[in-house]
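In numbering that gives the first Met the number 0, the protein residues as written are 0 to 438.
Built from N, CA and C at the ideal position, the CB exists for glycine as well.
Here the structure is a predicted model, which is why all the values come from computation and not from measurement.
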Amino acid sequence: MTILRHTYSVCPVCLKQVPAVLEGKENDVFLRKHCPDHGEFFCLVWEGMPSLEAWTSGRFPVTGPEDVPPEACPAGCGLCADHLQKSCTVVVEVTEKCQLKCPVCFASAGEGFEPDFHDLAKLLHDVRHKASNAILQFSGGEPTIRDDLFDLIRLASNLKFPGIQLNTNGLRLAQEPGYAQKLKKSGLNWVFLQFDGLRETTYRALRGRPLLSEKVRAINACQEAGLGVVLVPTLTKGINDNEMGDIVRFGLSCFPAVRGVHFQPMSYFGRFPEPPSDDKRLTLPRIMRDLVAQTDGMIDLSHFRPSRCEHERCSFRAVYLVESPDKIIPLTSEPCCCNGRSLDEGFKSSVGSIRRRWGADIAPKTCDLQSGDAFERFIGLYERGSFSVSAMAFQDAENLDLERLRFCCIHVAALDGRLVPFCAWNLTARGGKPLYRRR
0 MTILRHTYSV
10 CPVCLKQVPA
20 VLEGKENDVF
30 LRKHCPDHGE
40 FFCLVWEGMP
50 SLEAWTSGRF
60 PVTGPEDVPP
70 EACPAGCGLC
80 ADHLQKSCTV
90 VVEVTEKCQL
100 KCPVCFASAG
110 EGFEPDFHDL
120 AKLLHDVRHK
130 ASNAILQFSG
140 GEPTIRDDLF
150 DLIRLASNLK
160 FPGIQLNTNG
170 LRLAQEPGYA
180 QKLKKSGLNW
190 VFLQFDGLRE
200 TTYRALRGRP
210 LLSEKVRAIN
220 ACQEAGLGVV
230 LVPTLTKGIN
240 DNEMGDIVRF
250 GLSCFPAVRG
260 VHFQPMSYFG
270 RFPEPPSDDK
280 RLTLPRIMRD
290 LVAQTDGMID
300 LSHFRPSRCE
310 HERCSFRAVY
320 LVESPDKIIP
330 LTSEPCCCNG
340 RSLDEGFKSS
350 VGSIRRRWGA
360 DIAPKTCDLQ
370 SGDAFERFIG
380 LYERGSFSVS
390 AMAFQDAENL
400 DLERLRFCCI
410 HVAALDGRLV
420 PFCAWNLTAR
430 GGKPLYRRR
């Protein structure tokens with residue numbers, strides 16, 4: 000093993016800050032840390048090609064060994080003065096309740112607390128003041144359980160958030176005629192739809208019951224209402240990691256109603272079915288390689304780029320124009336947007352990119368169309384908008400790297416007005432104790 004970098008993490012048992020190192024073996028990278036009370040822990044964080052060195056080369060400033068996070072990190076977020084990035088997306092959790100009891104749920108949703116409308120209204124004003132350029136996401140629990148969700152969306156629209164999205168399981172969209180139209184009229188821009196695959200066995204394993212037909216009806220309802228949809232699969236090794244290519248093809252077959260697929264490999268926080276283990280982890284490079292293999296080369300490794308905003312080990316993205324479900328034109332085979340840019344420029348670029356990709360059109364940078372009538376064809380494709388394939392690997396108590404966390408730009412708004420990095424907000428100790436969430 001070669002030591003690549005010194006950093007800080009937390010003990011997965013007590014969640015106290017501990018020193019850690021990133022260690023490399025060939026193209027794999029591991030996080031090793033030691034807690035004086037609970038011993039040593041070792042976790043896979045990067046697996047194979049593209050190598051971590053190639054992926055991160057020159058794209059982001061990194062903290063030096065002398066740049067120690069505050070002692071309270073990650074328990075004292077708010078955001079603190081040592082945080083290194085602004086809010087790109089702010090998540091407002093409008094309920095802890097959910098009509099499902101999914102075996103896998105980062106929020107451990109079910110029966111629970113539901114904030115008062117006036118408290119949420121005050122929070123929206125606070126968020127607009129503190130994070131004036133951030134996209135707003137309504138989440139939960141299941142936010143559509145609230146009958147006053149339309150009023151909250153309308154308020155957010157009146158406050159002129161740059162974009163408003165809804166994170167939902169889609170059941171109410173599927174079951175209630177006209178519901179999607181009401182969301183659209185209230186000011187909603189697009190829907191983040193939980194969509195784990197195309198097999199009912201997948202939904203039984205991850206959500207506790209068959210759901211595919213309701214997911215399809217939810218997509219159709221959004222299409223009729225003019226709401227863009229992003230499919231959000233929770234990837235779980237041995238359950239649906241062999242469905243990635245099929246999910247992308249399905250999304251393309253529903254384009255332009257479906258504007259992209261955003262994969263989220265399962266992280267060990269909230270509610271999960273079995274203890275953490277490296278052989279069950281899906282890393283970003285593994286997902287990239289599997290997407291190439293499962294799409295028969297329609298997607299290529301060269302299409303993927305690190306984030307515009309958060310730490311480069313957090314996510315990847317690829318953006319395409321769509322000719323047909325079997326032919327896509329990459330717009331991201333170009334230098335990373337963060338090369339030569341400041342963090343502030345990357346933040347502004349990210350907010351604009353999200354708004355264009357999933358709510359409207361995206362301006363193309365390159366294409367492989369030839370001369371002749373290709374320009375007219377290109378304009379036609381451009382006017383239909385773009386399709387994105389992306390993934391975000393959330394951190395849990397096993398693999399948390401405080402350098403990554405300090406670059407986080409996806410923040411949860413606590414009811415007291417604090418903005419907390421998403422992975423810190425959901426952090427859960429091995430015994431089930433949360434760092435921030437209510438028990």
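Query, Result
"Specify the secondary structure class of Ser-323 as computed by DSSP and reduced to three states.", "strand"
"Can you tell which of Gly-430, Arg-436 and Arg-437 has its C-alpha closest to the C-alpha of His-37?", "Gly-430"
"In three-state terms, what does DSSP make of Ile-116?", "In the sequence as presented, Ile is not what sits at residue 116; that position holds Phe. The answer is helix: DSSP assigns Phe-116 an H, G or I state."
"For Ala-155, count the other beta carbons within 10 Å of its own beta carbon; 16 or more makes it buried, fewer makes it exposed. Which is it?", "buried"
"Measure the alpha-carbon distance for Phe-116 versus Ala-413 and round it to whole angstroms.", "14 Å"
"Check for me: the beta strand (DSSP E) holding Phe-29 runs from which residue to which?", "27–34"
"Report buried or exposed for Glu-92, applying the criterion of at least 16 other Cβ atoms within 10 angstroms of its Cβ.", "buried"
"Name the residue from Ala-392, Leu-30 and Thr-55 whose alpha carbon lies nearest to the alpha carbon of Phe-262.", "Ala-392"
"Among Leu-135, Asp-118, Phe-249 and Pro-68, which has the Cα closest to the Cα of Val-90?", "Leu-135"
"Within a Cβ cutoff of 7 Å, which residues of the same chain sit near Asn-168, ignoring the five residues on either side of it in sequence?", "Leu-99, Glu-141 and Gln-193"
"In the structure shown, what three-state DSSP assignment does Lys-85 receive?", "coil"
"State the DSSP-derived secondary structure class of Asn-157, mapped to helix, strand or coil.", "helix"
"Just to confirm the assignment, what range does the beta strand (DSSP E) spanning Asn-166 have?", "163–167"
"Express the C-alpha separation of Leu-165 and Asp-125 in angstroms, rounding to a whole number.", "19 Å"
"How many angstroms separate the CA atom of Leu-43 from the CA atom of Val-17?", "17 Å"
"Do Val-190 and Val-247 have their beta-carbon atoms positioned less than 8 Å apart in this structure?", "no"
"Note the first and the last residue of the continuous alpha helix (DSSP H) segment covering Tyr-7.", "That residue, Tyr-7, is in no alpha helix (DSSP H); its beta strand (DSSP E) goes 1–9."
"Is Arg-312 close to chain B? Criterion is C-beta to C-beta, closer than 8 Å.", "Reference to chain B is not applicable here, since this structure consists of a single protein chain."
"Could you check which residue in Leu-290, Thr-1 and Pro-11 has the C-alpha nearest to that of Asp-400?", "Pro-11"
"In its own chain, which residues sit with a C-beta less than 7 Å from the C-beta of Leu-187, not counting the 5 before and 5 after it?", "Ile-152, Ile-163, Leu-165 and Leu-226"
"With contact counted as at least three CB pairs below 8 Å, one residue from each stretch, are the stretch 172–183 and the stretch 207–225 in contact?", "yes"
"Where are the alpha helix (DSSP H) runs, 4 residues long or more, that stay fully inside the stretch 392–430, in chain order?", "401–405 and 421–424"
"Assuming Gly-77 contacts Lys-96 under a Cβ cut-off of 8 Å, what Cβ separation, rounded to an integer in Å, is found between them?", "Not a contact, Cβ separation roughly 27 Å."
"Spell out a yes or no on whether the stretch 301–314 and the stretch 272–279 are touching, meaning 3 or more CB-CB pairs, one atom from each, closer than 8 Å.", "no"
"Can you tell me where the alpha helix (DSSP H) with Ile-286 in it begins and where it stops?", "283–293"
"Is the separation between the beta-carbon of Arg-208 and that of Asp-195 shorter than 8 Å?", "no"
"Helix or strand or just coil, what does DSSP make of Ile-218?", "helix"
"Please report the straight-line C-alpha distance between Leu-234 and Arg-285, rounded to a whole angstrom.", "12 Å"
"Going by C-alpha to C-alpha distance, which of Thr-94, Glu-199 and Val-9 sits closest to Pro-35?", "Val-9"
"Of all the options Glu-242, Ala-256 and Asp-395, which has the alpha carbon lying nearest to the alpha carbon of Arg-270?", "Asp-395"
"Could you please give the first and the last residue of the uninterrupted beta strand (DSSP E) stretch that includes Ser-138?", "134–138"
"Just how far apart, CA to CA, sit Leu-426 and Phe-268?", "6 Å"
"When the Cα of Lys-495 is compared with those of Met-0, Leu-320, Arg-436 and Leu-14, which residue comes out closest?", "Residue 495 is absent from the structure shown; the chain starts at 0 and stops at 438."
"Which residues bound the alpha helix (DSSP H) around Leu-21?", "Element bounds for Leu-21: not the alpha helix (DSSP H) but the beta strand (DSSP E), 16–24."
"Just the C-alpha distance for Leu-290 and Ile-298, rounded to the nearest angstrom, thanks.", "7 Å"
"Please classify Lys-32 as buried or exposed, where buried requires at least 16 neighbouring CB atoms within 10 angstroms.", "buried"
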